[in-house]
């Protein structure tokens, strides 16, 4: 049976590795060498191996390298997001309570006035709250599994200051507030398509 200390070591290593990937310290394409990381973190290779396995499951590591999504990978993932989050936006318009809808408005306000970190966090919460409105554990789980990769894209979109991002969030919020499920779904799909095109543009000019 797994001891508490080995579970803690694994969790600690996983968090460190994940943060290094998400903050760009380990850029896309970096080879992950178990022995090297174990030595750096002062742990055995077991927790490192387990951490790598989880990061592979999340899509952050592919074939022992930090993910460097291709255009095809991006399109595939965004296609899934467009379908699921579009449907979730329709559900949000139908089922969210008034106070939950007002929370979406708060995220929009932070998106206009916050620091980069606050904007990142508010954008993430805006999408997550809408996904949860689907009340479909399978869908929530699929998006959850993609969260780390989605974070990388959102970060790029915020850092490069994508135009009209918050305006689009506000339009989605207004449609949900008006209980117009069809409009909310259309706007969310359009919003994510624009995100994808913006990201592809950065990739091709990077």
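Numbering (my numbering), first residue to last: 101 to 306.
For every residue, glycine included, the Cβ atom is placed at its ideal position computed from N, Cα and C.
Classified as exposed, residue 119 has fewer than 16 neighbouring CB atoms from the shown chains inside 10 Å of its CB. Put simply, of 113, 177 and 175 the residue whose alpha carbon is nearest the alpha carbon of residue 143 is 113. DSSP links residue 262 through a beta bridge to no other residue. Three or more Cβ pairs closer than 8 Å define a contact, and the stretch 281-288 falls short of that threshold against the stretch 253-265. Here the C-alpha atom of residue 173 lies approximately 25 Å from the C-alpha atom of residue 266. Burial check for residue 184: the Cβ neighbour count within 10 Å reaches 16 or more, so the residue is buried. Burial is judged here by how many other beta carbons sit within 10 angstroms of a residue's own beta carbon; residue 268 has at least 16 and is buried.
Distance from the CA of residue 236 to the CA of residue 230, rounded to the nearest whole angstrom, comes to 12 Å. Look at residue 277 here: in three-state DSSP terms it is helix.
In the three-state reduction of the DSSP assignment, residue 161 falls in the strand class. The shortest C-alpha to C-alpha distance from residue 153 to any of 104, 134, 304 and 216 is the one to 134.
Annotation for residue 177: the continuous alpha helix (DSSP H) segment containing it runs 171-195.
Distance between residue 111 and residue 278, taken at the CA atoms: about 43 Å.
Taken in chain order, the unbroken stretches of alpha helix (DSSP H) that lie wholly in the stretch 197-266 and span 4 residues or more are 198-213, 216-232, 237-245 and 247-259.
In this structure, residue 303 keeps its C-beta atom at 8 Å or more from the C-beta atom of residue 246. Note that the C-beta distance between residue 160 and residue 242 is not below 8 Å. Distance check between residue 227 and each of 105, 191 and 128 places 191 closest, using alpha-carbon atoms only. For the 8 Å CB-CB criterion, residue 165 and residue 132 form a contact.
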